[in-house]
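Trainee:
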Amino acid sequence: MAEYIIETAKGKWEIVVGLEIHCQIISKSKIFSGASTEFGDDPNINVSFVDAGMPGMLPTLNKECVHQAVKTGLGLNAKINKYSEFSRKNYFYADMPTDYQITQFRYPIVGEGEITIDLSDGSTKKIGIERMHIEQDAGKSIHDLSPTKSYIDLNRAGVGLMEIVTKPDFRAPEEAGAFLRKLRSILRYLGTCDGNMDEGSMRCDVNVSVRPYGSDELRSRSEMKNVNSVKFVMQAIENEAKRHIEIYESGGTIEQETRQFDPTTGQSKLMRKKEFAHDYRYFPEPDLPPLILSDEYIDSIRAEMIELPDAKKQRFVETLGLTPYDATVLCENKEHAAFFEKAAAGHDAKKVANWMMSDFFAMLNKKRLDIAQSPVSAENLGNLVELISKEVISGKIAKDVFEIMSETGKSPEKIVEEKGLKQVTDTGAIETIINEVIASNPDNVSAYKNGKTNLAGWFVGQVIKQSQGKANPAIVNKLVREKLDK
Amino acid sequence: MATDTQTVKRTAFLSRLKIEDDKIEATKEEFNKILNWIEELNEINTDDVEPLIAVNNTPLRIREDEVTAGNCREDILKNAPSAEYDYFAVPKVVE
Numbered sequence: 003m004a005e006y007i008i009e010t011a012k013g014k015w016e017i018v019v020g021l022e023i024h025c026q027i028i029s030k031s032k033i034f035s036g037a038s039t040e041f042g043d044d045p046n047i048n049v050s051f052v053d054a055g056m057p058g059m060l061p062t063l064n065k066e067c068v069h070q071a072v073k074t075g076l077g078l079n080a081k082i083n084k085y086s087e088f089s090r091k092n093y094f095y096a097d098m099p100t101d102y103q104i105t106q107f108r109y110p111i112v113g114e115g116e117i118t119i120d121l122s123d124g125s126t127k128k129i130g131i132e133r134m135h136i137e138q139d140a141g142k143s144i145h146d147l148s149p150t151k152s153y154i155d156l157n158r159a160g161v162g163l164m165e166i167v168t169k170p171d172f173r174a175p176e177e178a179g180a181f182l183r184k185l186r187s188i189l190r191y192l193g194t195c196d197g198n199m200d201e202g203s204m205r206c207d208v209n210v211s212v213r214p215y216g217s218d219e220l221r222s223r224s225e226m227k228n229v230n231s232v233k234f235v236m237q238a239i240e241n242e243a244k245r246h247i248e249i250y251e252s253g254g255t256i257e258q259e260t261r262q263f264d265p266t267t268g269q270s271k272l273m274r275k276k277e278f279a280h281d282y283r284y285f286p287e288p289d290l291p292p293l294i295l296s297d298e299y300i301d302s303i304r305a306e307m308i309e310l311p312d313a314k315k316q317r318f319v320e321t322l323g324l325t326p327y328d329a330t331v332l333c334e335n336k337e338h339a340a341f342f343e344k345a346a347a348g349h350d351a352k353k354v355a356n357w358m359m360s361d362f363f364a365m366l367n368k369k370r371l372d373i374a375q376s377p378v379s380a381e382n383l384g385n386l387v388e389l390i391s392k393e394v395i396s397g398k399i400a401k402d403v404f405e406i407m408s409e410t411g412k413s414p415e416k417i418v419e420e421k422g423l424k425q426v427t428d429t430g431a432i433e434t435i436i437n438e439v440i441a442s443n444p445d446n447v448s449a450y451k452n453g454k455t456n457l458a459g460w461f462v463g464q465v466i467k468q469s470q471g472k473a474n475p476a477i478v479n480k481l482v483r484e485k486l487d488k
Numbered sequence: 018m019a020t021d022t023q024t025v026k027r028t029a030f031l032s033r034l035k036i037e038d039d040k041i042e043a044t045k046e047e048f049n050k051i052l053n054w055i056e057e058l059n060e061i062n063t064d065d066v067e068p069l070i071a072v073n074n075t076p077l078r079i080r081e082d083e084v085t086a087g088n089c090r091e092d093i094l095k096n097a098p099s100a101e102y103d104y105f106a107v108p109k110v111v112e
C-alpha cells in the first residue's frame, strides 16, 4: 500500500498505532454468574448477587466463555495458553460494585497471533496480536437523566469480555479500519461476538504516536478511549497524529495521557495525564484458581473451526475465478458468502458475483432488507445468470426480469415465460424487422452509404426497440451491417 | 524498609480511606511495623520457587452456560443509599 506520510513545512512524519478492542462474548449467562446477558432489558433486571458485589458471593467461571475465547484465539491464529490466571484490577467507579474487575494480567488465555488485513488497493498486510484475555464488563452509567445524579444499571456488569491487544503495527488510519472490519468479520463467522460497535458490544481504544519518517524510535503515545465506529477510529488517528506533530514542531513534548474522543467534532480532549494514571494494584484473584486447559480440549475446539474469511476468499479466487476485491467483499459477511456460493453453484460464478455486488445489494439496500429476507432466492439469482449465459434473455431484459423477481419473488424462468421475454434468435424474424426499419428510413440509409457508418448503431437500436428488447443484440448487429453494406 | 507520609497519603487515597492529618504519622508507624514483619520473609531464599497463587489446591470449578440468577431487582436495590427509576442513583460522576 502507498505509505501514509504526514508532510509539513518542517518535515515528514509517520504514525505508529496500536489498538485494544473489547469484545463482548456471546453466551447466555455472564462470565462469573448465572444472570442473563440479554441486551436492552429493563434496568437492573439481569443482575445476580455476584454482579452486585454482595459480600460473600463467589464467582464461578462460565464454561462457554472459555470455549468462546479459545475459539476466538484460534481464529486469530494465536497461541492458546494451557495455563492462565485471573487477577483483580482495583479501581473505584460507580458502575463497578466490587471495586475491582476480575481480569487476566500476567497469564492471559491467548498469546501472540496475527491476522491479515485487506487494503483498498488490493494488497494485504499482517497485523500482530500481542495477547487476548478474558474479563468481566462493568455496568452502565447514565449521566443525562438528572442534573445532579448519575444512574447506574448493572445489567451489563459481569458480561464476559475478550480484550484483544494488537502490536503497534498500524502505519495508516486505513489499516486500523481494515483491521476492525476483518476482526469483526472473523468474530461473526465464529459466532463469538456480534461485533456491533454502535451497541457497544465491540469497543475500541486507540494508541497513537508519531515519529520522524524512516526512524525506528517509539515516542510517547496517547490513548483514546471507546472510539465507537470504524470511521471514528480512522478519524481519531488522523487528528491525534496531527496534534502530536504540531506540538513536536513547535518545540513541545508529548506525555503519555488518556484522551476522550468526541465524535461530534472528531477531536479528542484530555481525560487524565500519566501522573494521575490509575494505580490498578493487580493481584491474583483469590476466589478463582488458575485455569488449566488440556491439549484434548483445545484440539476439540480446533476441530469445530469453520472456514474463515481469508480461506474462503482464497478459495473463491482460486477455484471460482473471482477477483481478490470481489472475493473480499463477498466474504466479509458469512451469510453473503453462503448466499453467493449457493447462487453460483453450476453457473458462471464471476457473473453471479457481479450481479450480487451491483443490482442485488442495491435492491437489498433500497428495501432495507437483510440477505435472509431477500425476495430473490440464491437459486433464482443463479438461474437468472444462467438465462443470460444461455442467451435466452439479453442482459438488458435480465435487469427488468430481476426487477420483477424482487417485487414478486417469482423464478426468472416463470417471468420470462409469462411475459414472453425470450430473446429472439431466429434470424428470419429479426430480418423481417430490419427490412421494415430500413424501408421506413431511406434518408439514414443513404447517409450511411455516404460514409456515416456510425449510423449502424442507430439501426441496431431501432431494431431492438421494435422487437421490444427481445432481439439478440449480437445477431441484430451482424445482420444490420450485412444488409446496409449490401 | 520504611515508608514515608507521602506513600501513606497515596495509599489512603487509592483505598478511598480518609485519614486525618494528625493520624498520618501514627498510620505510618503502623505501616512500618507491618512492612518490617514482611521484611523478615526476604531472608528466605525463594530462587526456583514458583509463586503460590492459592493455599488450597482445589481445581477451578466451572459452570454450564445457563441463566440461573437475576430478576431480583428489589433485593439488589434494597441496600442502595439511593435508588430512582429502578437505577442506583449516585452523585454525578463524569470523568
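Same order as they appear, the protein sequences are chains A and B.
One point on numbering: in our numbering, the residue at position 2 of the first sequence is 4, and numbering is uninterrupted.
One point on numbering: in our numbering, the residue at position 2 of the second sequence is 19, and numbering is uninterrupted.
Virtual Cβ for every residue (Gly too), placed ideally from N, Cα, C.
Given the structure is predicted, the values throughout are model-derived calculations rather than measurements.
Using a C-beta cutoff of 8 angstroms, does isoleucine 144/A count as contacting chain B?
Mentor: Counting from 1 along the first sequence, the entry for residue 144/A is found at position 142. With 8 angstroms as the cut-off, isoleucine 144/A counts as an interface residue toward chain B.
Trainee: Can you give me, in chain order, the residues of the segment 144-165 of chain A that have a beta carbon less than 8 angstroms from any beta carbon in chain B?
Mentor: Against chain B - using a Cβ distance shorter than 8 angstroms - the residues of the segment 144-165 of chain A are Ile144, His145, Leu147, Ser148, Pro149, Thr150, Lys151, Ser152, Tyr153, Ile154, Asp155 and Leu156.
Trainee: Which term fits isoleucine 129/A, buried or exposed, when burial requires 16 or more other beta carbons within 10 angstroms of its beta carbon?
Mentor: Working through the first sequence from its first residue, we reach residue 129/A at position 127. Classification for isoleucine 129/A: buried.
Trainee: If you run the structure through DSSP and keep just helix, strand and coil, what is proline 175/A?
Mentor: Position 173 of the first sequence holds residue 175/A. Three-state result, proline 175/A: helix.
Trainee: Closest to glutamate 405/A by CA distance: which of Met365/A, Glu116/A and Glu242/A is it?
Mentor: By 1-based counting over the first sequence, the position of residue 405/A is 403. Comparing Cα positions, the closest option is Met365/A.
Trainee: Given this structure, state the Cα-to-Cα distance separating glutamate 306/A from glycine 77/A, to the nearest angstrom.
Mentor: Translated into positions along the first sequence, residue 306/A becomes position 304. Translated into positions along the first sequence, residue 77/A becomes position 75. Their Cα atoms are separated by approximately 11 angstroms.
Trainee: Taking contact to mean 3 or more Cβ pairs, one atom from each stretch, closer than 8 angstroms, check whether the segment 18-26 of chain B and the segment 457-466 of chain A are in contact.
Mentor: No, they do not touch.
Trainee: In chain B, what lies closer than 8 angstroms to threonine 62/A by C-beta?
Mentor: The sequence position of residue 62/A within the first sequence is 60, counting from 1. Neighbours of threonine 62/A on chain B, chain order: Arg78, Ile79 and Arg80.
Trainee: By DSSP, does methionine 359/A sit in helix, in strand, or in coil?
Mentor: Locating residue 359/A in the first sequence gives position 357, counting from the first residue. Three-state DSSP puts methionine 359/A in a helix.
Trainee: Among Glu438/A, Ala11/A and Val161/A, which has the Cα closest to the Cα of glutamate 40/A?
Mentor: Here residue 40/A refers to the residue found at position 38 of the first sequence. Answer by Cα proximity: Val161/A.
Trainee: Cβ of isoleucine 28/A less than 8 angstroms from any chain B Cβ?
Mentor: Counting from 1 along the first sequence, the entry for residue 28/A is found at position 26. Cβ-Cβ to chain B under 8 angstroms: no for isoleucine 28/A.
Trainee: At a cut-off of 7 angstroms, would you count isoleucine 188/A as near the ligand NAD, judging by its Cβ distance to the nearest heavy atom?
Mentor: Summarising the ligand content, the structure contains no ligands, and the ligand NAD is consequently not present.
Trainee: What whole-angstrom Cβ distance do asparagine 228/A and leucine 156/A have, given they're in contact under 8 angstroms?
Mentor: Counting from one through the first sequence, the residue named residue 228/A turns up at place 226. Counting from one through the first sequence, the residue named residue 156/A turns up at place 154. Not really, about 19 angstroms apart at Cβ, beyond 8 angstroms.
Trainee: Apply the 10 Å Cβ neighbour rule to glutamate 66/A and answer buried if 16 or more other Cβ atoms are within range, or exposed otherwise.
Mentor: Translated into positions along the first sequence, residue 66/A becomes position 64. Counting Cβ neighbours within 10 Å, glutamate 66/A comes out buried, since at least 16 surround it.
Trainee: What residues are listed by DSSP as bridge partners for isoleucine 33/A?
Mentor: Counted from its first residue, the first sequence places residue 33/A at position 31. Paired residues: none, contrary to the question.
Trainee: Is it true that the segment 465-472 of chain A meets the segment 411-429 of chain A, where meeting means three or more beta-carbon pairs spaced less than 8 angstroms apart?
Mentor: With the cut-off at 8 angstroms, the segment 465-472 of chain A and the segment 411-429 of chain A touch.
Trainee: For isoleucine 300/A, decide whether its Cβ has a neighbour in chain B, counting only Cβ atoms nearer than 8 angstroms.
Mentor: If you number the first sequence from 1, residue 300/A lands on position 298. Chain B, which has no Cβ nearer than 8 angstroms to the Cβ of isoleucine 300/A, makes this no.
Trainee: Which residues does DSSP pair with tyrosine 282/A in a beta bridge?
Mentor: As a working note, residue 282/A is residue 280 in the first sequence. Partner(s): none; tyrosine 282/A has no beta bridge.
Trainee: How would you write the range of the beta strand (DSSP E) that glutamine 103/A sits in, first residue to last?
Mentor: One-based indexing of the first sequence puts residue 103/A at position 101. Residues 102-105.
Trainee: Do we get a CB-CB distance below 8 angstroms when we pair threonine 75/B with the residues of chain A?
Mentor: As a working note, residue 75/B is residue 58 in the second sequence. For threonine 75/B, the answer is yes, since a Cβ of chain A falls inside 8 angstroms of its Cβ.
Trainee: Rounded to whole angstroms, how far is the Cβ of leucine 310/A from the Cβ of tyrosine 191/A, which I believe are closer than 8 angstroms?
Mentor: Looking up residue 310/A in the first sequence gives position 308. Looking up residue 191/A in the first sequence gives position 189. So it is a contact: roughly 6 angstroms between Cβ atoms.
Trainee: Under 8 angstroms by Cβ, that's how I've got alanine 178/A and valine 235/A pegged, so tell me the actual separation to the nearest angstrom.
Mentor: Position 176 of the first sequence, counted from the first residue, corresponds to residue 178/A. Position 233 of the first sequence, counted from the first residue, corresponds to residue 235/A. Sure, about 5 angstroms apart at Cβ, within 8 angstroms.
Trainee: Kindly list the residues whose CB is nearer than 7 angstroms to the CB of tyrosine 85/A, restricted to its own chain and excluding five residues on each side of it in sequence; keep chain order.
Mentor: In the first sequence, residue 85/A corresponds to position 83, counting from 1. These residues qualify, in order along the chain: Tyr109, Pro292 and Ile294.
Trainee: List the residues that DSSP assigns as beta-bridge partners of tyrosine 104/B.
Mentor: In the second sequence, counting from the first residue as 1, residue 104/B sits at position 87. Answer is Glu101/B, bridged to tyrosine 104/B.
Trainee: Are leucine 163/A and isoleucine 131/A touching if we call contact CB-CB under 8 angstroms?
Mentor: Within the first sequence, numbered from 1, the residue matching residue 163/A stands at position 161. Within the first sequence, numbered from 1, the residue matching residue 131/A stands at position 129. Not closer than 8 angstroms, so no.
Trainee: Could you say which of Ile249/A, Lys244/A and Ile417/A lies nearest to glycine 268/A if we only look at CA atoms?
Mentor: Taking the first residue of the first sequence as position 1, residue 268/A is located at position 266. When only C-alpha atoms are compared, the closest one is Lys244/A.
Trainee: Taking all protein chains shown into account, decide if alanine 140/A is buried (16 or more other Cβ within 10 angstroms of its Cβ) or exposed.
Mentor: Numbered from its first residue, the first sequence carries residue 140/A at position 138. Flag for alanine 140/A reads buried.
Trainee: Kindly give me the distance between the Cβ atoms of serine 270/A and glutamine 258/A, rounded to whole angstroms, as I take these residues to be in contact under 8 angstroms.
Mentor: Locating residue 270/A in the first sequence gives position 268, where the first residue counts as 1. Locating residue 258/A in the first sequence gives position 256, where the first residue counts as 1. No, serine 270/A and glutamine 258/A are not in contact; Cβ-Cβ is about 14 angstroms, not under 8 angstroms.
Trainee: Looking at glutamate 337/A and alanine 1/A, is the spacing between their C-beta atoms short of 8 angstroms?
Mentor: Since the first residue of chain A shown is 3 and the last is 488, residue 1/A is not available in this structure.
Trainee: Would arginine 183/A pass as a contact of glutamate 334/A if the rule is Cβ separation under 8 angstroms?
Mentor: Counting from 1 along the first sequence, the entry for residue 183/A is found at position 181. Counting from 1 along the first sequence, the entry for residue 334/A is found at position 332. Contact: yes.
Trainee: Could you give the distance in angstroms between the alpha-carbon of leucine 371/A and the alpha-carbon of aspartate 361/A?
Mentor: As a first step, residue 371/A is located in the first sequence; it is residue number 369 there, counting from the start. As a first step, residue 361/A is located in the first sequence; it is residue number 359 there, counting from the start. Spanning the two alpha carbons is a distance of roughly 14 angstroms.
Trainee: Are the C-beta atoms of proline 108/B and some chain A residue less than 8 angstroms apart?
Mentor: For the purposes of this step, residue 108/B is taken as the residue at position 91 of the second sequence. Yes, its Cβ sits closer than 8 angstroms to a Cβ of chain A.
Trainee: Is the Cβ-Cβ distance between glutamine 134/A and glycine 193/A less than 8 angstroms?
Mentor: In the first sequence, counting from the first residue as 1, residue 134/A sits at position 132. In the first sequence, counting from the first residue as 1, residue 193/A sits at position 191. The question names glutamine, but residue 134/A is methionine in the sequence shown. It is not a contact, given that the beta carbons lie outside the stated cut-off.
Trainee: Determine, using beta carbons only, whether isoleucine 17/A and isoleucine 117/A come nearer to each other than 8 angstroms.
Mentor: Numbered from 1 along the first sequence, position 15 holds the residue referred to as residue 17/A. Numbered from 1 along the first sequence, position 115 holds the residue referred to as residue 117/A. In this structure, isoleucine 117/A does not lie closer than 8 angstroms to isoleucine 17/A by Cβ.
Trainee: Using only CA atoms, which one of Val210/A, Tyr215/A and Arg186/A lies nearest to methionine 199/A?
Mentor: The residue given as residue 199/A occupies position 197 in the first sequence. Answer by Cα proximity: Arg186/A.
Trainee: Going straight from the alpha carbon of proline 326/A to that of glutamate 343/A, what length do you get?
Mentor: Working through the first sequence from its first residue, we reach residue 326/A at position 324. Working through the first sequence from its first residue, we reach residue 343/A at position 341. Taking the straight line from one Cα to the other gives about 16 angstroms.
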